[in-house]
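All residue numbers for the sequence shown refer to the working numbering, where the first residue is 942 and numbers rise by one.
Built from N, CA and C at the ideal position, the CB exists for glycine as well.
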Amino acid sequence: MKCQKCNKPAMFHITELTGNKPEEHHFCEIHAREYLNETSQNSELSQSDGLATALADSPVKKNPPMAKLAAELQAIDQQVCPVCGISFYDFRNRGRLGCANDYDCFSKQLEPLIANIHGATNHVGKSPTGLNIKSDNSAKLIKLRRDLDVAISEENYEHATKIRDEIKKIENL
942 MKCQKCNKPA
952 MFHITELTGN
962 KPEEHHFCEI
972 HAREYLNETS
982 QNSELSQSDG
992 LATALADSPV
1002 KKNPPMAKLA
1012 AELQAIDQQV
1022 CPVCGISFYD
1032 FRNRGRLGCA
1042 NDYDCFSKQL
1052 EPLIANIHGA
1062 TNHVGKSPTG
1072 LNIKSDNSAK
1082 LIKLRRDLDV
1092 AISEENYEHA
1102 TKIRDEIKKI
1112 ENL
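Next up, the structure:
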């Protein structure tokens, strides 16, 4: 699928749930950033309207535990995804993430939310039928293949042989 604004491949697929019908938007990375920045600027809420700012500006400054909590909330709200540029504050106000990287970037804050909604934080449903390798092993395989490349480039063939054998064991599971 191509970007709605240019002929580049669409990497971001955004569904707006405002109004009667959901609106689908398909953008390349550049136009997705523009769209997300545009919608955050059009939002009625600004950074100064946040709970953290309200706590920081209120009389709780005299109460050290509350002041510490307010500072922590402000720091969390200002955390920004390096890929799409969305802040955690924007996520809380709009209720949507900007990209798949946000799950890693905001994992500490999202984990309790996901556990509350779904009752668990690990997927226990079905897996694709053509998948021979468990997802836990796929990360290990990637690391082992990198280690194998390094061992070969350093001409450490004994170590490379051990890594190769370990890769074969995992692939045959």
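Collapsing the DSSP output to three states places residue 975 in a helix. For residue 967, there is no enclosing alpha helix (DSSP H); the residue is part of the beta strand (DSSP E) that begins and ends at 964-968.
Residue 1040 is classed as buried because its beta carbon has at least 16 other beta carbons within 10 Å across all chains shown. DSSP places residue 1065 outside both helix and strand once states are collapsed to three, so it counts as coil. Burial is judged here by how many other beta carbons sit within 10 angstroms of a residue's own beta carbon; residue 1031 has at least 16 and is buried. By the 16-neighbour rule on beta-carbons within 10 angstroms, residue 1083 is exposed.
Out of 1096, 1093, 1091, 1085, the CA that lies nearest to the CA of residue 1107 is found in 1085.
Positions of the alpha helix (DSSP H) runs, each at least 4 residues long and wholly inside the stretch 1019-1048, are given as 1029-1035, 1043-1046 in order along the chain.
For residue 957, no alpha helix (DSSP H) run applies; the uninterrupted beta strand (DSSP E) run containing it begins and ends at 953-957, by DSSP. Residue pairing from DSSP leaves residue 1053 without any beta-bridge partner. The stretch 1040-1049 makes contact with the stretch 1017-1031; the number of CB pairs closer than 8 angstroms reaches 3 or more.
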